[in-house]
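Student:
Number of protein chains: 2
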Amino acid sequence: MEDVARLAGVSMMTVSRAIREPAKVAPATRARVSAAIADLGYVPNLTAGSLASQRSGIIAAIVPTIDNSIFAETMRGLTATLTAAGYQVLLGQTAYDENAEEALVAAFLGRRVDGMLVTGVNHSALTRQRLIKAGIPVVETWDLTADPIDMVVGFSNHDAGRAIARYLLDRGYLRLGFAGGNDDRTRSRLAGFEAAIRRVKGASLMRAMLPAGTSFRGGREALGDLLAQDPGLQAVFCSNDAIAVGALMECRRRGIEVPRDLAIAGFADLDIAAEVTPTLTSVHVGARRIGEESARLLLARLAGLAVETPVLDLSFLIMARESA
Amino acid sequence: MEDVARLAGVSMMTVSRAIREPAKVAPATRARVSAAIADLGYVPNLTAGSLASQRSGIIAAIVPTIDNSIFAETMRGLTATLTAAGYQVLLGQTAYDENAEEALVAAFLGRRVDGMLVTGVNHSALTRQRLIKAGIPVVETWDLTADPIDMVVGFSNHDAGRAIARYLLDRGYLRLGFAGGNDDRTRSRLAGFEAAIRRVKGASLMRAMLPAGTSFRGGREALGDLLAQDPGLQAVFCSNDAIAVGALMECRRRGIEVPRDLAIAGFADLDIAAEVTPTLTSVHVGARRIGEESARLLLARLAGLAVETPVLDLSFLIMARESA
DNA sequence: GTGAAAGCGCTAACAC
DNA sequence: GTGTTAGCGCTTTCAC
Numbered sequence: 004m005e006d007v008a009r010l011a012g013v014s015m016m017t018v019s020r021a022i023r024e025p026a027k028v029a030p031a032t033r034a035r036v037s038a039a040i041a042d043l044g045y046v047p048n049l050t051a052g053s054l055a056s057q058r059s060g061i062i063a064a065i066v067p068t069i070d071n072s073i074f075a076e077t078m079r080g081l082t083a084t085l086t087a088a089g090y091q092v093l094l095g096q097t098a099y100d101e102n103a104e105e106a107l108v109a110a111f112l113g114r115r116v117d118g119m120l121v122t123g124v125n126h127s128a129l130t131r132q133r134l135i136k137a138g139i140p141v142v143e144t145w146d147l148t149a150d151p152i153d154m155v156v157g158f159s160n161h162d163a164g165r166a167i168a169r170y171l172l173d174r175g176y177l178r179l180g181f182a183g184g185n186d187d188r189t190r191s192r193l194a195g196f197e198a199a200i201r202r203v204k205g206a207s208l209m210r211a212m213l214p215a216g217t218s219f220r221g222g223r224e225a226l227g228d229l230l231a232q233d234p235g236l237q238a239v240f241c242s243n244d245a246i247a248v249g250a251l252m253e254c255r256r257r258g259i260e261v262p263r264d265l266a267i268a269g270f271a272d273l274d275i276a277a278e279v280t281p282t283l284t285s286v287h288v289g290a291r292r293i294g295e296e297s298a299r300l301l302l303a304r305l306a307g308l309a310v311e312t313p314v315l316d317l318s319f320l321i322m323a324r325e326s327a
Numbered sequence: 004m005e006d007v008a009r010l011a012g013v014s015m016m017t018v019s020r021a022i023r024e025p026a027k028v029a030p031a032t033r034a035r036v037s038a039a040i041a042d043l044g045y046v047p048n049l050t051a052g053s054l055a056s057q058r059s060g061i062i063a064a065i066v067p068t069i070d071n072s073i074f075a076e077t078m079r080g081l082t083a084t085l086t087a088a089g090y091q092v093l094l095g096q097t098a099y100d101e102n103a104e105e106a107l108v109a110a111f112l113g114r115r116v117d118g119m120l121v122t123g124v125n126h127s128a129l130t131r132q133r134l135i136k137a138g139i140p141v142v143e144t145w146d147l148t149a150d151p152i153d154m155v156v157g158f159s160n161h162d163a164g165r166a167i168a169r170y171l172l173d174r175g176y177l178r179l180g181f182a183g184g185n186d187d188r189t190r191s192r193l194a195g196f197e198a199a200i201r202r203v204k205g206a207s208l209m210r211a212m213l214p215a216g217t218s219f220r221g222g223r224e225a226l227g228d229l230l231a232q233d234p235g236l237q238a239v240f241c242s243n244d245a246i247a248v249g250a251l252m253e254c255r256r257r258g259i260e261v262p263r264d265l266a267i268a269g270f271a272d273l274d275i276a277a278e279v280t281p282t283l284t285s286v287h288v289g290a291r292r293i294g295e296e297s298a299r300l301l302l303a304r305l306a307g308l309a310v311e312t313p314v315l316d317l318s319f320l321i322m323a324r325e326s327a
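First to last, the protein sequences are chains A and B.
So the mapping is simple: my numbering equals the position in the first sequence, first residue as 1, plus 3.
So the mapping is simple: my numbering equals the position in the second sequence, first residue as 1, plus 3.
#1: Taking CB distances under 8 Å as the criterion, tell me whether glycine 289 (chain B) reaches chain A.
#2: Report yes or no: do three or more beta-carbon pairs, one from the stretch 30 to 40 of chain B and one from the stretch 26 to 37 of chain A, lie closer than 8 Å?
#3: Need the endpoints of the beta strand (DSSP E) that alanine 11 (chain B) sits in, please.
#4: Going along the chain, which unbroken runs of the beta strand (DSSP E) with 3 or more residues stay wholly within the stretch 185 to 241 of chain A?
#5: Hey, is the stretch 144 to 151 of chain B in contact with the stretch 88 to 101 of chain B, meaning 3+ C-beta pairs nearer than 8 Å?
#6: Between glycine 183 (chain A) and arginine 192 (chain A), is the Cβ-Cβ spacing less than 8 Å?
#7: Along chain A, which residues have their Cβ under 7 Å away from the Cβ of valine 279 (chain B)?
#8: Residues in the same chain with beta-carbon distance under 6 Å from alanine 103 (chain B), minus the five sequence neighbours each way, listed in chain order, please.
#9: Measuring CB atoms only, is the stretch 194 to 204 of chain B touching the stretch 214 to 223 of chain B, in the sense that at least three cross pairs come out at less than 8 Å?
#10: Going by DSSP, what residue range makes up the beta strand (DSSP E) through glutamine 96 (chain B)?
#11: Serine 285 (chain B) and alanine 271 (chain B) - do their beta-carbons sit closer together than 8 Å?
#12: Which residue's Cα is closest to the Cα of tyrosine 45 (chain B): B:Pro262, B:Val310 and B:Ile22?
#13: Would you give the residue range spanned by the alpha helix (DSSP H) that threonine 77 (chain B) belongs to?
#14: Taking C-alpha atoms, which residue in B:Gln132, B:Asp162 and B:Ser159 lies nearest to aspartate 153 (chain B)?
#15: At which residues does the alpha helix (DSSP H) containing leucine 171 (chain A) begin and terminate?
#16: Would you call the stretch 318 to 327 of chain A and the stretch 281 to 297 of chain A touching, i.e. three or more CB-CB distances under 8 Å?
#17: In terms of residue numbering, what span does the alpha helix (DSSP H) encompassing glycine 123 (chain B) cover?
#18: Have a look at the DSSP bridge pairing and note the partners of leucine 179 (chain B).
#19: Output yes if chain B places a C-beta closer than 8 Å to the C-beta of serine 14 (chain A); else output no.
#20: If I'm right that arginine 299 (chain A) touches threonine 82 (chain A) with Cβ under 8 Å, what's the distance once you round it to whole angstroms?
#21: Taking CB distances under 8 Å as the criterion, tell me whether proline 234 (chain A) reaches chain B.
#22: Sort out for me which residues DSSP pairs serine 285 (chain B) with in a bridge.
#23: Consult DSSP for threonine 148 (chain A) and reduce its assignment to one of helix, strand or coil.
#24: Would you kindly work out how many angstroms separate the C-alpha atoms of phenylalanine 240 (chain A) and valine 142 (chain A), rounded to a whole number?
#25: Let me check understanding here. Comparing Cα to Cα, which of B:Gly216, B:Ser56 and B:Val13 lies closest to valine 28 (chain B)?
#26: Assuming the contact rule is C-beta atoms closer than 8 Å, alanine 64 (chain B) and leucine 94 (chain B) should be a hit. Round their C-beta distance to whole Å, please.
#27: Within the chosen definition, does the stretch 303 to 317 of chain A reach the stretch 165 to 173 of chain A through at least 3 CB pairs nearer than 8 Å?
#28: For valine 248 (chain A), which of helix, strand or coil comes out of DSSP?
#29: Taking C-beta pairs closer than 7 Å, name the residues in chain B that isoleucine 69 (chain A) reaches, listed in chain order.
#30: Which residues, taken in chain order from the stretch 257 to 279 of chain B, show a beta carbon closer than 7 Å to some beta carbon of chain A?
#31: Are there 16 or more other CB atoms within 10 angstroms of the CB of isoleucine 61 (chain A), so buried, or fewer, so exposed?
#32: Do the CB positions of isoleucine 135 (chain B) and aspartate 117 (chain B) come within less than 8 Å of each other?
#33: Inspect the beta-carbon positions of glutamine 237 (chain A) and arginine 178 (chain A) and report whether they are closer than 8 Å.
#34: Take aspartate 233 (chain B) and list the residues in its own chain whose beta-carbon comes closer than 8 Å to its own, dropping the five residues that flank it on each side.
#35: List the residues of chain B whose Cβ lies closer than 9 Å to the Cβ of glycine 44 (chain A), in chain order.
#36: Taking 8 Å as the CB-CB limit, is leucine 112 (chain B) close to chain A?
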């Protein structure tokens, strides 16, 4: 930067301004600085800038995983909105491991990120405490809680589970199955699913809990598992669409016709849900919108604006299609 | 940090050492420092550390996209290896846009990342120049070139396209179709595919070029497109498995039996390839291994070791399954 | 519209 | 094994 300043015949301060607030520099000066920058191939050191300004321009996002996953959409929404506002997004994946989350939060806080998005509302005490102490805007996502670290954007997994159970029960399916990875939000969906089933006489429930994060293959295995538990199974709710598509594949292989022989419902309403045959009934949760709204709230906080409400319930919608 | 030092009764330097090189600090001192850190909830400022040490501990990776994608696997391989070595991975997505790549490279260089992985071997002149000037280890991936910016880890897309064409031709399929997103590497695969077809008398080729980055839906549309061009089509090569699965879905919807009526081959050998019905013939390219080997080379360079060969050809393998 | 001085929080290099 | 000194490359604040 010193070289640039010298070449342009100005002070470092003017170079700095020409880069960050060009409007505050005289056009002629600006032109000379730009020329010098291009000439020297100067790349401003954002690390030094962050240290001096106490703002990193980085928002961190922590999700369980991004493989063929519901969270990729959320990341897209978040990234699009934040990038447009001049922020960079730093992505961290936990693989559904609470220790990994703790380590990531620590690392990101160490980088002095300006804000953070985390997935879910259950975090280790240490993580919560660090996040609160950091004093930066934080959004928890993909669930709701009355007691957020800072802000929450999501929907009630419990209610969504209950709603899809009622949907299936209303259609006359009584012998139900549940297939899902074993993570917090899936357990909430299952709890809601179960609660609705318990209220209906004659309704039954089989469970196939998979390792958190499994997808197609997990769905195929789960289907076999559930059918072994109850050969007369009538409908299966899968806690995400990848698992549901896996179940659909397994049905096809076994010659089970969906929904005639067995109904299948998914969760999250990924693009693939509307593409498979039969098309997949699923619970739309606005994965992308979660990211966008989270970004909006973070930006509002960073701009010093008061956030209207720290708990944003985006709700959900049952997308009735052919499979159930 | 000063507070921690005061509380532990040592100098800042000792605190710094206790954190980064605990072995070099007396156990008793270390214990006092740890206690002080915990007491105060001190989180070291990595930004300041990076500035002072001139090492960020960050490796950046730039891929076109990570949605239900072949690159997610590469990222996993890269991240696993680098995380184990104490580095953090910063992910950037270009959405197949060269300008986005340029902006990302500039931003990452501004953060003084210690190394970088980029996708493909074609980059804007400015990007190349900046990367070379930065003097950091750089790996280009998912293709090969005799003239790398620094190092390359991949396979020949051209050869892979030729190989799958020969595979199909050998099986007696002569009226061939190609469906793929319109990006550099896909075009290389197509060029190889075409080259092999041209050498066979009586063989024909229809093309359906999709926007770069499409997947299931694109595959369904492409299949319709190709069939409209040649109703007597015998086999289709899709430049990635998501497109191939989309094509498979469309076949199912139209009552086309695969491979009896039409053969389908994919590319990249994603997990889903072995799960669908019929199982999908695909070209295995070691997506994860590209990430791992890239990490290995970057780490070697960062450790000051000489890298045996800057061009690492991981080759590919045709996975013959039911669909073709 | 531009510049000078001070310092962000840490680590390299060296001394003890 | 521990401490001291001198910066890393910027931006803040305030002066002109």
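Here a beta-carbon is modelled for each residue, glycine too, at the ideal position from N, C-alpha and C.
Tutor: Based on what the coordinates show:
#1: On the second sequence, residue 289 (chain B) is found 286 positions in, with the first residue counted as 1. Under the 8 Å criterion on CB atoms, glycine 289 (chain B) is classed as non-interfacial with respect to chain A.
#2: no
#3: Here residue 11 (chain B) refers to the residue found at position 8 when the second sequence is read from its first residue. Run containing alanine 11 (chain B): none in the beta strand (DSSP E); it sits in the alpha helix (DSSP H), 5 to 11.
#4: 207 to 213 and 238 to 241
#5: These segments do not touch.
#6: As a first step, residue 183 (chain A) is located in the first sequence; it is residue number 180 there, counting from the start. As a first step, residue 192 (chain A) is located in the first sequence; it is residue number 189 there, counting from the start. Closer than 8 Å, so yes.
#7: Within the second sequence, numbered from 1, the residue matching residue 279 (chain B) stands at position 276. The answer, in chain order, is Met252.
#8: Counting from one through the second sequence, the residue named residue 103 (chain B) turns up at place 100. Cβ within range, chain order: Thr97.
#9: Because the criterion of three Cβ pairs below 8 Å is not met, the stretch 194 to 204 of chain B and the stretch 214 to 223 of chain B do not touch.
#10: Counted from its first residue, the second sequence places residue 96 (chain B) at position 93. Start and end: 91 to 96.
#11: Stepping through the second sequence from its first residue, residue 271 (chain B) is reached at position 268. Stepping through the second sequence from its first residue, residue 285 (chain B) is reached at position 282. Yes, the Cβ-Cβ distance between alanine 271 (chain B) and serine 285 (chain B) is below 8 Å.
#12: Position 42 of the second sequence, counted from the first residue, corresponds to residue 45 (chain B). With distances taken between Cα atoms, tyrosine 45 (chain B) lies closest to B:Ile22.
#13: Taking the first residue of the second sequence as 1, we reach residue 77 (chain B) at position 74. Element bounds for threonine 77 (chain B): 73 to 87.
#14: Within the second sequence, numbered from 1, the residue matching residue 153 (chain B) stands at position 150. Among B:Gln132, B:Asp162 and B:Ser159, the Cα nearest to that of aspartate 153 (chain B) belongs to B:Gln132.
#15: To locate residue 171 (chain A), count along the first sequence from 1; it is residue 168. Here the alpha helix (DSSP H) through leucine 171 (chain A) covers 160 to 173.
#16: yes
#17: Position 120 of the second sequence, counted from the start, is the residue given in the question as residue 123 (chain B). Per DSSP, glycine 123 (chain B) is not a residue of any alpha helix (DSSP H), being assigned neither H nor E.
#18: Mapped onto the second sequence, residue 179 (chain B) falls at position 176. According to DSSP, leucine 179 (chain B) bridges with B:Leu208 and B:Ala238.
#19: Along the first sequence, one-based indexing puts residue 14 (chain A) at 11. Serine 14 (chain A) does not count as touching chain B.
#20: The count along the first sequence starts at 1 and reaches residue 299 (chain A) at position 296. The count along the first sequence starts at 1 and reaches residue 82 (chain A) at position 79. The Cβ separation is near 13 Å, so there is no contact.
#21: If you number the first sequence from 1, residue 234 (chain A) lands on position 231. No, because no Cβ of chain B sits closer than 8 Å to the Cβ of proline 234 (chain A).
#22: Sequence index remark: in the second sequence, residue 285 (chain B) carries index 282 (1-based). Bridge partners of serine 285 (chain B): B:Met322.
#23: Walking along the first sequence from the start, residue 148 (chain A) turns up at place 145. Here threonine 148 (chain A) sits in coil by DSSP.
#24: Residue 240 (chain A) sits at position 237 when you count from the first residue of the first sequence. Residue 142 (chain A) sits at position 139 when you count from the first residue of the first sequence. Each residue's Cα considered, the two are about 29 Å apart.
#25: Along the second sequence, read from residue 1 onward, the residue named residue 28 (chain B) stands at position 25. Ranking the options by Cα distance to valine 28 (chain B), first place goes to B:Val13.
#26: Looking up residue 64 (chain B) in the second sequence gives position 61. Looking up residue 94 (chain B) in the second sequence gives position 91. Sure, about 6 Å apart at Cβ, within 8 Å.
#27: no
#28: As a working note, residue 248 (chain A) is residue 245 in the first sequence. Of the three classes helix, strand and coil, the one that applies to valine 248 (chain A) here is helix, per DSSP.
#29: The residue labelled residue 69 (chain A) in the question sits at position 66 within the first sequence. Result: Ile69 and Ala75.
#30: Asp274, Ile275, Glu278 and Val279
#31: To locate residue 61 (chain A), count along the first sequence from 1; it is residue 58. By the 10 Å Cβ count, isoleucine 61 (chain A) comes out buried.
#32: The residue you call residue 135 (chain B) lines up with position 132 of the second sequence. The residue you call residue 117 (chain B) lines up with position 114 of the second sequence. Between isoleucine 135 (chain B) and aspartate 117 (chain B), the C-beta gap is not smaller than 8 Å, which leaves the two residues out of contact.
#33: Working through the first sequence from its first residue, we reach residue 237 (chain A) at position 234. Working through the first sequence from its first residue, we reach residue 178 (chain A) at position 175. Contact flag set, yes.
#34: As a position in the second sequence, residue 233 (chain B) is number 230, starting the count at 1. Answer for aspartate 233 (chain B): Arg178, Gly180, Ser207 and Met209, listed in chain order.
#35: As a first step, residue 44 (chain A) is located in the first sequence; it is residue number 41 there, counting from the start. Neighbourhood of glycine 44 (chain A) in chain B, by CB distance below 9 Å: Gln132, Arg133 and Lys136, in chain order.
#36: Locating residue 112 (chain B) in the second sequence gives position 109, where the first residue counts as 1. Judged by the 8 Å Cβ criterion, leucine 112 (chain B) is in contact with chain A.
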